[in-house]
Amino acid sequence: MAVEVIDVPEAKRYEARVDGESKVAGFSDYIRTGELIAFVHTEVSPEYEGRGVGAALARTALDEARAANLRVLATCPFVAGWIARHPEYQELLYQARSKVSD
72 MAVEVIDVPE
82 AKRYEARVDG
92 ESKVAGFSDY
102 IRTGELIAFV
112 HTEVSPEYEG
122 RGVGAALART
132 ALDEARAANL
142 RVLATCPFVA
152 GWIARHPEYQ
162 ELLYQARSKV
172 SD
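Take a look at the structure:
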């Protein structure tokens, strides 16, 4: 099974398709600024769960974030969990730099 992942900036998400099908097998919604990409929701269609679609979405999106020199804010539980299991991507995580306190 071949999974193709593409960025669809006008929809603000990455989309995955399997074996050249036109149907979207999964997607990961994001919010992007000049310095940061926040992954807010990832969803894989039930018929594609457990077949590597989510991993392909995460890996492609994070590789592209790295190439664009973007920090990553993983508010989506799937992306956050995927990064936690793949330490080679943890350096991408956004770290707040503010020293402001109440």
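Position in the sequence shown counted from 1, then plus 71, gives you our numbering.
Note that beta-carbon positions come from the ideal geometry of N, C-alpha and C, so glycine has one too.
Owing to the predicted nature of the structure, the values given are computational and were not obtained by experimental measurement.
Checklist entry - DSSP beta-bridge partners for S99? => result Y85 and T113
Next on the checklist: So, with DSSP's three-state summary, where would you put R137?
Outcome noted: In the three-state scheme derived from DSSP, where H, G and I count as helix and E and B as strand, R137 is classed as helix.
Checklist entry - Are there three or more Cβ pairs, one per stretch, closer than 8 Å when the region 106 to 114 is compared with the region 73 to 80? => result No: the two stretches stay apart, fewer than three of their Cβ pairs being nearer than 8 Å.
Checklist entry - Considering only residues of the same chain and omitting the five flanking positions on each side of Y165, which have a CB-CB separation below 7 Å? => result L107, R142, V143 and L144
Checklist entry - At a cut-off of 7 Å, is A138 close to the ligand MG when judged by its beta-carbon and the heavy atoms of the ligand? => result Of the ligands one can find in the structure shown there are none, so the ligand MG has no counterpart to examine.
Next on the checklist: In whole angstroms, give me the CA-to-CA distance for Q161 and G91.
Outcome noted: 31 Å
Next on the checklist: Taking the straight line between their C-alpha atoms, what separation do you get for P155 and L133?
Outcome noted: One detail in the question is off: residue 155 reads as Ala in this sequence, not Pro. One C-alpha to the other measures close to 13 Å.
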